[in-house]
Every structure is written in C-alpha cells, then in structure tokens.
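> Chains as they are written, first to last, in my numbering: chain A, 1 to 107; chain B, 108 to 214.
Don't be surprised by glycine CBs; every beta carbon is placed ideally from N, CA and C.
So, in structure tokens, the structure goes:
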C-alpha cells in the first residue's frame, strides 16, 4: 500500500505585509485544491503554542497527498508555482517538512 | 464546540546522538499516550520533503488534544516533563507549533 504523505508548511510573514495582504495569500493557498486534485486534504491554523518554541512562525498549513508522486505533481503544478512565488515574496521565513504518517497507539 | 488542538514537534538530534539512542527517545515519545490520556491521537515520521526547506529538522511528531486544556495538562504532566528533559538534552534544535485545525475544502 502506498503511504499517505503529509506536507507541513510553516510561515512567518514579513512585518510590512498588511493583514489584508496576508489574508489574500492565505485565501490563495486555500484555493489550490480547486486547481490541484492531488491535494486530498488540507487544514490550517495560526500558532497557539504555549512553550515559546515556535521560532517566530505564526501560520501552519498541512496538506495531505496520497503518495509522494502526488506531492511531486503538486510541487511542479503551475497553480502551485504561481502561488509559491507570491508567498515566498511575502514571508520572512518558511519551513517545509513532509512525512509518511505512522500512527502511535493511544488510549 | 471546543476545537481540537494539534501540536507539531520538529526535532533535529545532535550529531553525537547514536541511532539507538535516537530510537530509544522516539520510543519514549511513543510511550507518552500510555501515561497521558489527554493525547487523543499521535502520528510521526521522518522528513522526506523535496524542497530543501526543512532547515535541518529530521523528525516530525504530531499529537492531537481535544482542547487547549488537554494540551496544558500534557505540558505539565510529570511523564511529559521527564521525557522532554531527556529529549531536549539530545537535540540540536526543536520547534513546536500548536493550532486549532480549520479544514480547507478539497475536491
């Protein structure tokens, strides 16, 4: 069975990116599944951690692909590339990690 | 309705932490749900991203709590504190972000 692939994107916008521009970029990110069917699930939120170990990152986006090939197709998709170009121009930092999720038993 | 809270931990072990010690720490992390019922789901994996934006992080752990109070109880739980002390001694860097996941519509 091909394992799922989860793709985590952490973002810190530049200080001079106004809230409405940030919102526009977030909406742009949210529009990608409408163009790229390889995205099977997508959730996001703003950092609410309590340990002060977020290193300045404020926004979390988690995309799920059904294979690494799906992720690869997303990365080179023109809609993603156009969006990524805009996003990268607006961020002070970005961090991306991908993983095949293995479950850990809980009670 | 109280929103779920997801807690992402990214880790890069110190270079001198041997693979079996890394494995022991990973297993220690995996044992926490047996002690802390506030952890409602837990998945993990190693970084397989393709964009070279992982900033050295190699391991991803994602815990789900059913509220921020559950997360708070986890943070101060003696089993977590004992584990976190061991983990922090073994890592070159660690990053933690928490978020209330909002779903984005997919096809």
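Could you check where the beta strand (DSSP E) with residue 189 of chain B kicks off and where it finishes?
On the second chain, residue 189 of chain B is found 82 positions in, with the first residue counted as 1. From DSSP, residue 189 of chain B is part of no beta strand (DSSP E) but of the alpha helix (DSSP H) over 185-197.
> Going by CA-CA distance only, name the one from A:80, A:82, A:48 and A:41 that's closest to residue 5 of chain A.
Position 5 of the first chain, counted from the first residue, corresponds to residue 5 of chain A. Of A:80, A:82, A:48 and A:41, the residue nearest in Cα terms is A:41.
> What does DSSP give as the partner residue(s) for residue 209 of chain B in the beta ladder?
Locating residue 209 of chain B in the second chain gives position 102, counting from the first residue. Paired residues: A:44.
> Check the Cβ-Cβ distances between residue 198 of chain B and every residue of chain A, and say whether any is below 7 Å.
Sequence index remark: in the second chain, residue 198 of chain B carries index 91 (1-based). No, no contact with chain A.
> Per DSSP, residue 71 of chain B forms a beta bridge with which residues?
Coverage of chain B is limited to positions 108 through 214, which leaves residue 71 of chain B absent and any answer about it impossible.
> Judging by CA-CA distance, which residue of B:141, B:125 and B:208 is the nearest neighbour of residue 49 of chain A?
Walking along the first chain from the start, residue 49 of chain A turns up at place 49. Looking at the Cα atoms, B:208 is the closest of the given residues.
> Quick check on residue 70 of chain A - is its C-beta less than 7 Å from some C-beta in chain B?
As a working mapping, residue 70 of chain A is identified with position 70 in the first chain. Not one chain B Cβ lies under 7 Å of residue 70 of chain A.
> Could you tell me which of B:137, B:177 and B:171 sits nearest to residue 105 of chain A, measuring between CA atoms?
To locate residue 105 of chain A, count along the first chain from 1; it is residue 105. Out of B:137, B:177 and B:171, B:137 has the C-alpha closest to the C-alpha of residue 105 of chain A.
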